[in-house]
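Under our numbering, read the sequence shown as residues 157 to 303, first letter to last. Even glycine gets a Cβ: it sits at the ideal position worked out from N, Cα and C. So the structure is just underneath, and the comments pick up after that.
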Amino acid sequence: MALFPKRPVEAPDPLPVGYSVLDSQMSVDGDVDTQSSLRIDGKLRGNVRSGGVVVVAAGASVVGNVTAQELIIGGTITGNVTATQRVELQASGTVNGDIEASAIMILEGGTVEGHLIIHPTSGHAGAERVLATAAPQFRTAFGGDAG
Numbered sequence: 157m158a159l160f161p162k163r164p165v166e167a168p169d170p171l172p173v174g175y176s177v178l179d180s181q182m183s184v185d186g187d188v189d190t191q192s193s194l195r196i197d198g199k200l201r202g203n204v205r206s207g208g209v210v211v212v213a214a215g216a217s218v219v220g221n222v223t224a225q226e227l228i229i230g231g232t233i234t235g236n237v238t239a240t241q242r243v244e245l246q247a248s249g250t251v252n253g254d255i256e257a258s259a260i261m262i263l264e265g266g267t268v269e270g271h272l273i274i275h276p277t278s279g280h281a282g283a284e285r286v287l288a289t290a291a292p293q294f295r296t297a298f299g300g301d302a303g
C-alpha cells in the first residue's frame, strides 16, 4: 500500500503545429511558401505566401510582396501586402506599398506609403471597394508593438 496514490504522467503541451520562425540572426534571399503561420524576426528578400498568420516583428524587414490570411506588422515591408482577413500595422511598423485586406488597423506611429484597399468579408461580387491614398506628404502615423 502506497502513501500517495500514483498520478498519471501528463505530457507537456506540444509546440504549435506548422509554426515557422525566421530568426533575427537570419537573412534569406528567396520566396517563402507555407500553409501555416510564420514569424519573421530577421531579413527576407523575396515574396511570402502563407495560409496562416504572418508576423513581421519590430526590427525585421521584408523586401517583396506578402500574402497571408492575417498580418501583424511591427517591422518594415517594402512591397504590397494582401490579407484575406486583416492587417494590423503596429507603432514600429512601416509598409512601402499597397495594403489590401478585409480590415486594416493602423496604430499610432505606424506608417504607410501606398494605397489602402478594404474589401468586404461577405464576398459579394458587386460590393464596392474603398480606396484611400496615403500620399508621402500625408503619411499615416499610427502605432503598437510586434516585438
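Under a 10 Å Cβ-count criterion, residue 250 is classified as buried, with 16 or more other Cβ atoms of the shown protein chains found around its own Cβ. For residue 256, the uninterrupted beta strand (DSSP E) segment begins and ends at 255-257.
Restricting attention to 200, 180 and 264, the CA atom closest to the CA of residue 235 is found in 200.
Between residue 218 and residue 209, the C-beta gap is not smaller than 9 Å, which leaves the two residues out of contact.
In the structure shown, residue 261 adopts extended strand secondary structure according to DSSP, grouped into three states. For residue 275, the three-state secondary structure derived from DSSP is coil. By the neighbour-count definition (other C-beta atoms within 10 Å, threshold 16), residue 246 is a buried residue. Rounded to the nearest whole angstrom, the CA to CA distance from residue 197 to residue 276 is 31 Å. Secondary structure note for residue 252: its beta strand (DSSP E) is the uninterrupted segment 250-252. Of the other Cβ atoms in all chains shown, fewer than 16 fall within 10 Å of the Cβ of residue 183; this residue is therefore exposed.
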